[in-house]
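**Q**
Numbering (full-length UniProt numbering), first residue to last: 1 to 840.
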């Protein structure tokens with residue numbers, strides 16, 4: 001990109017863009033905030049019914065993200081550009097994407113992606129659903145539809161767009177290090193901010209006085225309470241922000257355990273809710289004055305009403321192609337899978353209910369569209385003739401043949417005259433019967449209501465509201481295409497009217513596209529490179545990734561779950577190969593793989609011998625143009641993530657693994673069962689009691705006791721706190737670095753085997769024993785604490801623990817009495833365990 005904007009020019013461009021789109025330009029807040037969300041221009045103004053469009057820069061201070069100025073991406077203070085659109089304007093994604101173009105981002109040269117991100121702030125009692133926006137694998141924006149703030153349901157919903165200015169500047173300038181970002185023509189970002197990064201990191205991680213900070217937190221909290229008592233909402237909010245920043249420093253210093261964290265969050269959340277309610281009460285007492293101010297300048301629009309052309313409906317006689325497209329903003333990967341499964345079932349049920357005959361149907365979908373196509377759908381319901389049995393003839397007619405009230409009532413109930421009733425022999429008796437003829441309705445007459453119901457029957461684990469209709473869906477529905485042959489099926493849902501308009505691939509064909517019929521629709525999708533069918537899209541991804549594997553002689557085995565997820569993140573897949581510095585191969589293999597898969601959705605490249613290669617494959621949503629630019633952006637991102645992992649490991653390696661064990665007392669296992677240190681101690685005791693049952697020799701017994709002593713220590717390391725899925729694996733790695741025997745290190749990892757379906761079982765009897773002791777303690781303890789699984793709820797994974805334990809015993813062909821093992825575990829619990837719990 002030529003003439004890339006400097007940092008301050010990016011801010012000015014965004015201010016100008018959003019000002020022209022109706023936003024008030026606000027200013028940063030005067031105290032430390034962790035995000036632009038905490039500025040009262042967002043947190044308080046999203047409350048209540050008054051419209052509010054605002055944009056502003058916010059220096060966001062997050063102590064835990066400090067890296068002494070040495071990580072190119074992680075900063076203790078970064079700059080956000082915050083936008084609030086209240087209410088939803090109907091096209092916020094398009095407005096946002098045009099703002100990127102205004103900054104000079106050429107969409108055809110990049111891979112811009114909306115990736116699921118469900119945001120919440122426990123301290124603010126706020127949450128929303130939306131996405132991270134990725135630019136070539138790098139998160140540059142958080143995009144959220146606020147659902148609650150201060151524990152108050154938001155009506156209307158506000159759209160929050162939070163730009164990460166440094167990352168956008170890096171992409172524009174091609175400088176993938178904050179220190180080299182050009183701030184203006186004279187100064188770099190590093191010139192003006194590096195010293196602050198270094199000094200604040202030293203303070204936050206090393207020098208901040210924990211005792212003083214605890215006192216300060218309490219003082220700030222008392223001031224907030226005093227302000228609220230005096231009706232001073234904004235000063236109270238200021239002190240909550242100070243509490244939040246003080247908490248973040250304490251947390252960075254490692255001074256906040258899980259139990260205390262929950263308590264402090266609860267205190268801040270309570271204050272935040274009181275502030276939010278007080279602010280809302282203030283605005284209500286004023287009569288929500290901005291409602292009138294905005295209404296004076298707002299354009300009034302009338303909702304277009306759709307009506308069925310009865311003449312057209314009656315004229316159709318031959319079966320027609322049916323096409324229904326629910327156009328959405330990007331659906332989360334799992335939600336897309338769930339929606340397709342429900343549509344498959346519910347479409348069948350809908351057609352059965354409507355009694356409309358058809359040749360075949362297909363359900364397809366991408367992140368932006370759910371599609372139902374029916375081949376040769378009948379133009380009309382069939383006419384039906386039904387025989388309905390009535391009362392006995394003797395009760396329906398008297399001796400003279402005159403109809404009784406029973407006959408008259410039966411006829412009236414069936415919409416017939418008495419003269420239209422007949423007598424028939426049924427089951428050896430004579431009964432009155434009614435012959436009812438129902439003329440089938442045109443498909444165009446019955447489909448509108450049925451399609452509305454079809455959308456409404458799609459449910460998700462987490463749904464959101466976005467406009468005045470208050471309809472809930474996984475993500476906003478933005479268009480509805482409904483065609484029967486060449487005719488539009490009229491329906492209205494979520495403040496949308498159906499039509500014959502679809503949309504293509506983002507940036508490939510941004511404008512609405514009109515299609516005449518189903519054939520024209522599929523031709524248009526093909527021209528966009530969009531693969532509607534999930535299985536076809538998945539096959540294309542696998543084929544492309546395999547070709548790239550072959551090009552570097554890498555193992556072609558792919559993680560099926562990752563393939564499924566990637567398939568649901570793209571419409572037009574194009575795989576590309578990326579590289580990273582060989583020095584990163586010094587990190588544990590599991591760390592490299594976890595970072596690539598979970599954080600970036602990359603396919604790690606391994607040799608046929610299982611060794612890591614300095615390569616990865618990512619899948620772009622778009623064509624094969626400008627792949628070098630897309631690859632470079634992804635390479636910079638993964639390099640920075642690996643540097644972050646190296647930072648955590650470097651911090652952890654200042655101590656041996658045993659040092660972390662005492663910190664387990666800051667982690668709560670369960671309120672009735674104590675801390676993770678308490679659990680660790682119980683595992684040690686159970687292990688000792690089971691050594692003879694598993695027939696360990698003296699050497700193995702010693703190693704088992706040492707492994708049990710250290711088994712949970714890695715849970716409080718920086719690396720596992722950052723990547724919880726690596727528990728056990730990091731324990732093994734740190735145990736080895738600490739000089740522990742290989743058998744001890746291996747057992748620390750194997751205690752969790754199998755971790756998921758298809759995973760391996762422990763290869764050593766010591767690992768088997770530690771895992772057995774751990775699971776026995778969890779089962780006995782949580783059943784004693786009345787936390788047994790019920791129905792589909794199993795928050796502690798006890799069913800999985802029991803199955804894994806049995807699987808391991810079978811694999812080792814051990815004759816082990818599980819009931820006896822549970823009784824051993826029960827001996828060491830801090831609460832009694834009933835016999836009925838053991839029987840369960």
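Glycine included, each C-beta is placed from N, C-alpha and C at the ideal position.
#1: Note down the Cα distance separating residue 559 from residue 745, rounded to an integer number of angstroms.
#2: Can you tell me which of the three DSSP states residue 326 falls into?
#3: Nearest-angstrom Cα distance between residue 17 and residue 730?
#4: For residue 878, does the three-state DSSP call read helix, strand or coil?
#5: Note down, in chain order, each residue of its chain lying with its Cβ closer than 6 Å to the Cβ of residue 20, except the 5 sequence neighbours on either side.
#6: Go ahead and pull the three-state DSSP assignment for residue 845.
#7: Within the same chain, show all residues whose beta-carbon is closer than 6 Å to that of residue 602, passing over the 5 residues directly before and after it, in chain order.
#8: Roughly how many angstroms separate the alpha carbons of residue 328 and residue 515, rounded to a whole number?
#9: Closer than 6 Å by C-beta to residue 817: which residues in its own chain qualify, once you throw out the five before and the five after it? Chain order, please.
#10: Identify every run of the beta strand (DSSP E) within the region 569–646, keeping only runs that are complete inside it and at least 3 residues long; order them along the chain.
#11: Please go through the same chain and pick out, in chain order, the residues whose beta-carbon is closer than 7 Å to the beta-carbon of residue 65, but skip the five residues on each side of it.
#12: Please look up how many angstroms separate the CB atoms of residue 361 and residue 375, rounded, as I've assumed it's under 8 Å.
#13: Please determine, among 567, 547, 469, the residue with the shortest C-alpha to C-alpha distance to residue 335.
#14: Hey, residue 380 and residue 442: beta-carbon distance below 8 Å or not?
#15: First and last residue of the beta strand (DSSP E) that includes residue 392?
#16: Cα-Cα, which of 721, 707, 115 is closest to residue 658?
#17: Using the rule of at least 16 other Cβ atoms within 10 Å of the residue's Cβ for burial, across every protein chain shown, is residue 630 buried or exposed?
#18: Cβ of residue 518 within 8 Å of Cβ of residue 498?
#19: Which two residues bound the contiguous beta strand (DSSP E) that contains residue 787?
#20: Take the Cβ of residue 765 as the centre, count every other Cβ of all protein chains shown within 10 Å, and call the residue buried at 16 or more, exposed below.
#21: Can you tell which of 426, 427, 405 has the C-alpha that lies nearest to the C-alpha of residue 418?
#22: Hey, would you say residue 143 sits closer than 8 Å to residue 133, going by beta carbons?
#23: Return the chain-ordered list of same chain residues with a C-beta closer than 8 Å to the C-beta of residue 701, the five sequence neighbours on each side being excluded.
#24: Among 748, 642, 624, 622, which has the Cα closest to the Cα of residue 614?
#25: CB residue 672 to CB residue 785, shorter than 8 Å?
#26: Could you name the residues of the same chain whose beta carbon sits closer than 6 Å to that of residue 321, not counting the 5 residues immediately before and after it, in chain order?
#27: Looking at C-alpha atoms only, which residue of 507, 500, 506 is the closest neighbour of residue 513?
#28: Residue 536 lies in the alpha helix (DSSP H); which residues open and close that run?
#29: Sort out for me which residues DSSP pairs residue 403 with in a bridge.
#30: Helix, strand or coil, according to DSSP, for residue 18 in the structure here?
#31: Can you tell me the Cβ-Cβ gap for residue 136 and residue 633, rounded? I've got them flagged as a contact below 8 Å.
#32: Going by DSSP in three states, residue 156 sits in which element: helix, strand or coil?
#33: Identify, in the order they occur along the chain, each residue of the same chain with its Cβ nearer than 7 Å to the Cβ of residue 319, setting aside the five sequence neighbours on each side.
#34: Taking residue 145 and residue 159 to be in contact with their CB atoms under 8 Å, please state how far apart those CB atoms are, rounded to whole angstroms.
#35: One question on the structure: do residue 350 and residue 450 come within less than 8 Å of each other, judged by their Cβ atoms?
#36: So the alpha helix (DSSP H) residue 698 belongs to, where does it begin and stop?
**A** For this structure:
#1: 26 Å
#2: Residue state, collapsed to three classes: strand.
#3: 47 Å
#4: With the chain running from 1 to 840 in the structure shown, residue 878 is simply not present.
#5: none
#6: A question about residue 845 goes unanswered here, because the residues of the chain that appear run from 1 up to 840.
#7: 596, 616, 618
#8: Straight across, the Cα-Cα distance linking residue 328 with residue 515 is about 18 Å.
#9: none
#10: Runs found: 573–579, 603–606, 612–621.
#11: 74, 75, 76
#12: That pair is a contact at about 7 Å.
#13: When each option's Cα is compared against that of residue 335, the closest is 567.
#14: The answer is yes: Cβ separation under 8 Å.
#15: 384–392
#16: 707
#17: Residue 630 comes out buried.
#18: No. Outside cutoff.
#19: Residue 787 -> no beta strand (DSSP E), and no H or E assigned at all.
#20: Buried, because 16 or more other Cβ atoms sit within 10 Å of the Cβ of residue 765.
#21: 405
#22: In this structure, residue 133 lies closer than 8 Å to residue 143 by Cβ.
#23: 691
#24: 642
#25: yes
#26: The answer, listed in chain order, is 518.
#27: 500
#28: 534–551
#29: Beta-bridge analysis with DSSP links residue 403 to 397.
#30: helix
#31: 3 Å
#32: Here residue 156 sits in strand by DSSP.
#33: Around residue 319: 376, 377, 378, 379.
#34: 6 Å
#35: yes
#36: Element bounds for residue 698: 698–710.
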